[in-house]
Amino acid sequence: MKNKYDFGELESKWQTAWEEEGIYHVNPHETKPKYYALEMFPYPSGRLHVGHTRNYAIGDVIARFRRMNGFCVLHPMGWDAFGLPAENAAIERGIQPSQWTSGNIQHMRSQFMRLGLSYDWRREVASCHPGYYKWTQWLFLQLLKHGLAYRKKAQVNWCPKCQTVLANEQVVEGLCERCDTEVTKKELEQWFFKITDYADRLLENLETLEGWPEKVKIMQKNWIGRSEGVEVVFKLKDTGDDIPVFTTRHDTIFGVTYLVLAPEHPLVEKIISGSPREQEIRKFIAGVSRVSEIDRTSELTEKIGIATGAYAANPMSGQEVPVWIANYVLPHYGTGAVMGVPAHDMRDFEFAKKYGLPVKVVIVPPDQAHCQCETNEAYEEPGVMANSPGFDGMPSDKGKNAVAEFMESHGIGKRTVNYKLRDWLISRQRYWGAPIPIVYCDSCGIVGVPEEDLPVELPLDVEFRPTGQSPLNDIPEFVNTTCPKCGGPARRETDTMDTFMCSSWYFIRFTCPRTDDRPWDPDTANYWLPVDQYTGGVEHAILHLMYSRFFTMFLSDIGLIKTKEPFARLLTQGMVLKDGAKMSKSKGNIVSLEEMLDKYGADTTRLFILFASPPERDLEWSDQGVEGASRFLGRIWRLVYEFQNELASYDSAQRERSGLTSEEKEMRRRIHATLQKVTQDLERYSFNTVVAGIMELVNALYQFRDVARTRREAMGIMGEAVRTVLLMLAPFAPHITDELWHEIGYKRSIHEENWPAVDESALVETQIEIVIQVNGRVRDRMHVAKGRDSEYLRREVLARDRVKELVEDKDIREVFVVPDRLVNIVTS
RNA sequence: GCCGGAGUGGCGGAAUGGCAGACGCACGCGACUCAAAAUCGCGCGGAGUUAACUCUCCUUGGGGGUUCAAGUCCCCCCUCCGGCACCA
């Protein structure tokens, strides 16, 4: 054994050995309970950074801990390999997206290896592989078959210079992220998934996800944005057209003083054409639609509107109110028309003040007898209805029900639920994605590619023209095909799928990564699913995690899997910061993972990351902290080195447990108390305190070295301690622990060992320290036998000289005794 | 604006309502060494007090409260971080 910890040689040695022996390979097991540990698979951007490392280090500790606890652990890794950066690389460097991606995957896989992560690499998947995206396409067809995939016109972000569609994330402050051209909007036929059909279930099921952070559940809840209200119909005065309006405040219906339509509302055209102010209004609408949706929906944007000259009748009061058009009404939410109640809605109030529209108070605060007719702000709280014939005096919450019932019984409105959640637009005018398996035929229309013809393969050798258009359009062999129905000439869909689609089911594919006649084998998938522990960044709290839930619900509805929720427990780890800020190239505060691995090795890097901060909190990078982690591993190395011969020859069978000295007993107590704490802390993912606990034990062992040398029994305890330390540390620092495990005489890998059991008998303490307080302040302490009752403790404490001195001239009012803990004497 | 989360030594961070500051970093001292590094050991919130073992007081963003006892529970306020943001 070397006297010095030399991580470089040792780490690569074990990585090779583990891979050769396949110790992390897993298959369904008949008797062991299953455990599916998963970390979010990365986009192969080029290299892993320390942020990734944190994610994967956390996941690896969880997987290894479960494995040692007798679970059959599925722990796979793969690549979310489609996406835009590959196309940018193609344009910038003239390299094929596929080549660029596979080069990155190779490099990053080797980085994964260097980190010593316990993956079953036989199960690796890449979403850009035809064997994978064949089934992504197949899933698209299932959605199509069940009426959940449909096509409609939608506005998309369009860069006139690049001649292409941009995703929202590619629009930076209204400009194209690549060429800084102002982004415009364009109507295109797009594919959508009807995720809104699942809105209620996505919301309701959140309550069943006990292992999810509250924060993520709230974010999803807000995103779904369910709101209950009524849809009530106003009639246009001249034409008699219906204008349905959605409101959650139907108790304020008598306070309506105007109606507003979104500029995109279908009735707008009919109302304005031929009106005397037609030109003026058209100009206004054009002005509004020029603004991007992001700016338009910002609260900061000034509310502007224009009167149409038309009037509509309030179905409850019969009162006629002017119809306006305004930028603050959104076409996609509710009915695209809003009733204006300035007295009880801040936005309406602001708008009414600006344009001189009347304010009519119909809700009075509960504590006010009379209506306050001069208001300078909207009263939005509940109150008592007023100026509402037939409903006056009703509390507004009751009034809502009464109004809704009245509307329903008179056929002028009905109760409705609205959601902020919109259908999922999955079309991308991109090359590097899974092609949408659709064919357009002049006689048959939209035709799904037959399942047996999948995959629709992406041509790999493509030319990127500076037009920025998807190169698929330029490949006649791809575009031109025959209609699967009629055999006539047809065109292929050239759009590809949103990459979130690829990542919405990969956790199922991992259960059967090489099955090629179906997406997965149901029995195997049902054996493994759901994922028991999912670990990843909180940035995916909404999109990825909600899409995956949607897919899982759909697949369970059509009987392809049993589980209704994909991830039983979710851990969202915090960011890695340097100098208080997120690492970024522009700030120049990047910590290079490669450098860390070269300089300190994987074990130290992992240990530091897990020790520096609790997993869900942000982590401040510290080079000195890394030094500390490195020093600790060196300390363990030297401890084992010092006792190697003795440890190798004293196996556990020779361990003496009776007739121990008090010092020896205390050492054994510490070993098992630490083991107990570490086990508990691992269960609750408190990795930083686990490491701290092991450090404390090692510190104690350094103090115990001289005792250990005194006799055989003591050395036996040293051996027990070292073995326990190595086992506890194995999930964190897998290389050094395996090396030392072999150095003390074991032949099998430490990663195939079981988690040690706490010896309860070692924990029994005979003497206990009792804290003595006077008026809540610690004034003394004493040692007594464990388990003494309150009466005994009270007597003993009051008999002490120190206590007598302290309470001398005062009356003792009360004495609180917490057995085995503390005594508090309260004096007057 | 709304919804989350956090605020504890010089720093990262510990603490089922029961000894605040575990563990690590930084720093100081000692041992080893010709010397340095590495290592091993000791100390380390602040103020005061004692010749000394000591003893006392203050201290978990600020202010109130509940309790024998509060970093922890309740109310109000401040700061920082994250998410949402005209959703009718």
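Residue numbers for the first sequence follow the working numbering, beginning at 537 and rising by one.
Cβ atoms here follow ideal geometry from the backbone N, Cα and C, with glycine treated the same way.
CB-CB length for residue i against residue j, believed under 8 Å
i: residue 1000; j: residue 626; result: 5 Å
i: residue 839; j: residue 764; result: Wrong, their Cβ atoms sit about 26 Å apart, outside the cutoff.
i: residue 843; j: residue 774; result: That pair is no contact at about 15 Å.
i: residue 560; j: residue 611; result: 7 Å
i: residue 796; j: residue 948; result: Between residue 948 and residue 796 the Cβ distance is about 19 Å, and since that is not below 8 Å, they are no contact.
i: residue 1340; j: residue 1363; result: At roughly 12 Å, the Cβ-Cβ gap does not stay under 8 Å, so residue 1340 and residue 1363 are not in contact.
Identified DSSP bridge partners for residue i
i: residue 1313; result: 1310
i: residue 977; result: 981, 1026
i: residue 688; result: 726
i: residue 499; result: Because residue 499 is not part of the residues shown, which for the chain are 537 to 1364, the question remains open.
i: residue 963; result: 1033
i: residue 1305; result: 1319
i: residue 921; result: 899
i: residue 1109; result: 1073
i: residue 573; result: 1069
i: residue 931; result: 920
i: residue 1352; result: 1360
i: residue 949; result: 768
i: residue 1117; result: 1114
i: residue 794; result: 876
i: residue 954; result: 763
i: residue 971; result: 1032
Exposure of residue i, with buried meaning 16 or more beta-carbon neighbours within 10 Å
i: residue 851; result: buried
i: residue 1269; result: buried
i: residue 723; result: exposed
i: residue 1314; result: exposed
i: residue 1141; result: buried
i: residue 790; result: buried
i: residue 725; result: exposed
i: residue 1189; result: With a pLDDT of 47 at residue 1189, under the threshold of 50, the modelled position of this residue cannot be trusted; read the value that follows with caution. Residue 1189 should be labelled exposed.
i: residue 1360; result: buried
i: residue 1238; result: exposed
i: residue 1200; result: buried
i: residue 1120; result: exposed
i: residue 1349; result: exposed
i: residue 1271; result: buried
i: residue 996; result: exposed
i: residue 1118; result: exposed
i: residue 1329; result: buried
i: residue 682; result: exposed
i: residue 1302; result: exposed
i: residue 956; result: exposed
i: residue 1354; result: exposed
i: residue 833; result: exposed
Proximity test, residue i beta-carbon vs the ligand HEM heavy atom, cut-off 8 Å
i: residue 922; result: This structure does not include the ligand HEM; it has no bound ligands of any sort.
- [ ] Please list the segments of the alpha helix (DSSP H) lying wholly inside the region 1018 to 1089, counting only runs of 4 or more residues, in order along the chain.
- [x] Positions of the alpha helix (DSSP H) runs, each at least 4 residues long and wholly inside the region 1018 to 1089, are given as 1035 to 1038, 1042 to 1045, 1058 to 1064 in order along the chain.
TODO: With a floor of 4 residues, list each alpha helix (DSSP H) that falls wholly inside the region 1258 to 1285, ordered by position along the chain.
DONE: 1270 to 1279
TODO: Let me know the alpha helix (DSSP H) ranges lying completely inside the region 734 to 784, each 4 residues or longer, listed in chain order.
DONE: The alpha helix (DSSP H) runs of length 4 or more contained entirely in the region 734 to 784 are, from start to end of the chain, 735 to 740, 750 to 760.
Task: Length-filtered (3 minimum) beta strand (DSSP E) runs lying within the region 1150 to 1191 - done: none
Task: Within the region 583 to 655, ranges of the beta strand (DSSP E) (whole runs, at least 3 residues) - done: 608 to 610, all fully within the region 583 to 655.
Open item on the list: Check whether the region 1235 to 1249 and the region 1191 to 1207 touch, using three or more Cβ-Cβ pairs below 8 Å as the test.
Closed with: yes
Open item on the list: With three or more C-beta pairs closer than 8 Å as the rule, is the region 890 to 905 touching the region 802 to 814?
Closed with: no
Task: Runs of beta strand (DSSP E) lying entirely within the region 817 to 886, each at least 3 residues, in chain order - done: As far as the region 817 to 886 is concerned, its whole beta strand (DSSP E) runs of at least 3 residues are 841 to 849, 856 to 862, 873 to 876.
- [ ] For the region 1046 to 1062 and the region 1031 to 1038, state whether three or more C-beta atom pairs, one from each stretch, are separated by less than 8 Å.
- [x] no
Open item on the list: Contact between the region 597 to 607 and the region 626 to 643 is defined here as three or more beta-carbon pairs at a separation below 8 Å; is this criterion met?
Closed with: no
Open item on the list: Taking contact to mean 3 or more Cβ pairs, one atom from each stretch, closer than 8 Å, check whether the region 1091 to 1108 and the region 549 to 560 are in contact.
Closed with: no
Open item on the list: Is it the case that the region 679 to 690 contacts the region 1165 to 1172, given that we only count it when at least three CB pairs across the two stretches are under 8 Å?
Closed with: no
Open item on the list: Any contact between the region 973 to 984 and the region 754 to 772? By contact I mean 3 or more CB pairs, one from each, below 8 Å.
Closed with: no
Open item on the list: Does the region 785 to 805 come into contact with the region 977 to 991, if we say contact requires no fewer than three beta-carbon pairs (one atom in each stretch) closer than 8 Å?
Closed with: They do not touch, by the three-pair rule.
- [ ] Report yes or no: do three or more beta-carbon pairs, one from the region 772 to 787 and one from the region 933 to 948, lie closer than 8 Å?
- [x] For the pair of segments examined, the region 772 to 787 was found to touch the region 933 to 948: the number of CB pairs separated by less than 8 Å reaches three.
Open item on the list: Measuring CB atoms only, is the region 561 to 574 touching the region 1295 to 1305, in the sense that at least three cross pairs come out at less than 8 Å?
Closed with: no
Open item on the list: Does the region 571 to 587 come into contact with the region 668 to 678, if we say contact requires no fewer than three beta-carbon pairs (one atom in each stretch) closer than 8 Å?
Closed with: no
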